[in-house]
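Numbering (this note's numbering), first residue to last: 393 to 789.
Ideal placement from N, C-alpha and C gives every residue a C-beta, glycine not left out.
Predicted model only: the values in this text are computed from it and were never measured.
Since the structure comes first, as structure tokens, the remarks are kept for the end.
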DNA sequence: CTTCCACAGGAAGGTCTGGCGG
DNA sequence: CCGCCAGACCTTCCTGTGGAAG
């Protein structure tokens with residue numbers, strides 16, 4: 393019986409026309425044919441980099457802008473076009489893209505090893521002395537006259553400033569080739585605490601990407617939806633709503649795309665052929681819950697116990713949860729789990745961290761004679777609450 | 001106005017891990 | 001391979017403090 397229904401489910405799924413034609417187009421990483429509302433930025437970047445076509449090294453560029461403002465997209469687009477043109481004109485140009493955060497470039501070893509691997513050199517992930525890797529890198533790069541564009545995305549996640557320093561001076565070590573760096577950061581104050589020499593060298597040219605407004609987001613979504621979805625799959629206003637919601641959150645195009653994609657996914661799963669406005673709301677809730685659950689999951693153990701203590705107190709319908717209350721519960725749970733409890737001082741810091749993560753809201757209040765403490769409130773929706781509880785139970789027991 | 005609670009949160013130092021240069 | 005150092009993570013000890021109660 394159960395198997396029969398499962399077969400029905402499969403049949404249903406296969407017979408039903410999908411909403412999606414090409415779901416990838418709603419992914420932020422997808423590179424569309426054109427990049428709407430970034431014409432100026434593209435032109436600016438291209439005019440800085442165009443010197444490569446004459447075989448001259450372009451200035452280093454530093455690009456700022458919040459998440460989802462098209463920085464990565466514009467860079468990749470311009471790089472792609474330049475490479476195509478260079479190839480046509482028989483110029484030597486090679487561009488590399490590296491997301492420093494994803495690849496965890498905290499050492500220069502990893503950085504150079506990554507580029508060497510892209511150049512087709514086999515470099516073990518660890519083992520060789522750094523200067524040897526560095527020399528190999530120089531030799532490989534210098535072996536034939538060429539210009540290299542290094543696009544370093546999320547460059548602010550490189551904590552070791554020596555890496556940046558080395559990079560900015562690398563051209564002095566090269567005879568034939570030249571290397572230009574395009575740094576991308578969403579942290580506007582990143583260069584403030586850099587060595588002034590590194591700073592001026594990295595940002596010979598600067599570009600700032602402003603957030604998209606709601607109308608521009610609509611255009612982006614419309615463009616992507618045309619590729620991704622069956623015509624007529626969206627009921628009117630869906631795109632407008634996604635755009636408006638994302639515009640509220642500092643004009644993040646990634647967010648807008650996520651909203652639309654998840655809305656479509658939920659609608660499809662529920663067997664709908666039309667994506668209505670309700671699904672956008674559902675998508676927003678889902679994205680929210682997923683985000684929270686993800687944060688909860690990736691917390692270190694002790695932090696999870698503290699959070700669980702707060703959840704426990706919340707379930708007792710206790711209002712005005714104070715640090716002391718949390719600490720008592722926390723110690724009990726630690727005993728049950730056979731964990732050695734941390735000091736109250738440390739737990740106090742963990743509470744602050746949970747506050748910064750937006751999972752709880754902790755404000756310092758004074759109860760006069762009865763002391764000064766933090767008033768702790770959980771800051772998450774009921775759905776997220778239940779899911780987090782489940783996750784914590786599973787992780788902790 | 002003073003007292004005094006129940007912590008906040010700064011400072012300094014300890015321990016451990018993991019990567020780096022030699 | 002080894003000693004060294006940086007950074008994450010904690011502890012210990014500490015001073016500071018808003019405001020109800022007296």
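Spatial neighbours of residue i in its chain, beta-carbon cut-off 7 Å, leaving aside the 5 residues before and after
i: residue 749; result: 687
i: residue 492; result: 544, 545, 546, 547, 549, 550
i: residue 701; result: 718, 721, 722, 725
i: residue 464; result: 545, 576
i: residue 440; result: 450, 451, 453, 597
Residues near residue i in its chain [Cβ-Cβ closer than 6 Å; skip 5 each side]
i: residue 767; result: 712, 755, 757
i: residue 534; result: 566, 567, 568, 569
i: residue 430; result: 462, 466
i: residue 530; result: 565
i: residue 684; result: 772, 776
i: residue 608; result: 429
i: residue 557; result: 590
i: residue 731; result: none
Beta-ladder partner(s) of residue i, from DSSP
i: residue 753; result: 769
i: residue 597; result: 453
i: residue 626; result: 667
i: residue 582; result: In DSSP, residue 582 forms no bridge with anything.
i: residue 412; result: 621
i: residue 577; result: 456
i: residue 653; result: Bridge partners of residue 653: none, in fact.
i: residue 764; result: 758
i: residue 713; result: 768
Coarse secondary structure for residue i, derived from DSSP in three states
i: residue 719; result: helix
i: residue 703; result: helix
i: residue 538; result: coil
i: residue 487; result: strand
i: residue 544; result: strand
i: residue 758; result: strand
i: residue 480; result: helix
i: residue 592; result: helix
i: residue 695; result: helix
i: residue 430; result: coil
i: residue 572; result: strand
i: residue 506; result: helix
i: residue 605; result: coil
i: residue 774; result: helix
i: residue 492; result: coil
i: residue 403; result: helix
i: residue 789; result: coil
i: residue 661; result: helix
Contact check, residue i vs residue j, beta carbons under 8 Å
i: residue 573; j: residue 452; result: yes
i: residue 770; j: residue 725; result: no
i: residue 820; j: residue 601; result: Coverage of the chain is limited to positions 393 through 789, which leaves residue 820 absent and any answer about it impossible.
i: residue 662; j: residue 411; result: no
i: residue 672; j: residue 651; result: yes
i: residue 543; j: residue 449; result: no
i: residue 490; j: residue 548; result: no
i: residue 454; j: residue 657; result: no
i: residue 420; j: residue 619; result: no
i: residue 605; j: residue 629; result: no
i: residue 485; j: residue 473; result: no
i: residue 481; j: residue 445; result: yes
i: residue 459; j: residue 579; result: no
i: residue 616; j: residue 424; result: yes
i: residue 571; j: residue 563; result: yes
i: residue 655; j: residue 675; result: yes
Cα-Cα separation, residue i to residue j
i: residue 624; j: residue 666; result: 8 Å
i: residue 468; j: residue 426; result: 12 Å
i: residue 507; j: residue 645; result: 29 Å
i: residue 744; j: residue 723; result: 18 Å
i: residue 705; j: residue 637; result: 33 Å
i: residue 401; j: residue 774; result: 30 Å
i: residue 527; j: residue 734; result: 47 Å
i: residue 398; j: residue 647; result: 34 Å
i: residue 641; j: residue 678; result: 16 Å
i: residue 560; j: residue 588; result: 12 Å
i: residue 594; j: residue 741; result: 36 Å
i: residue 541; j: residue 470; result: 11 Å
i: residue 487; j: residue 613; result: 28 Å
i: residue 739; j: residue 763; result: 18 Å
i: residue 765; j: residue 435; result: 55 Å
Contacts around residue i, its chain only, beta-carbon distance under 8 Å, and the 5 residues preceding and following it disregarded
i: residue 696; result: 688, 784, 787, 788
i: residue 699; result: 688, 691, 746, 751, 752, 780, 784
i: residue 669; result: 627, 629, 630, 633
i: residue 414; result: 619, 620
i: residue 610; result: 631, 632, 635
Near the ligand FMN: residue i beta-carbon under 7 Å from a heavy atom
i: residue 778; result: In the structure shown, the ligand FMN is absent, as is every other ligand, since no ligand is present at all.
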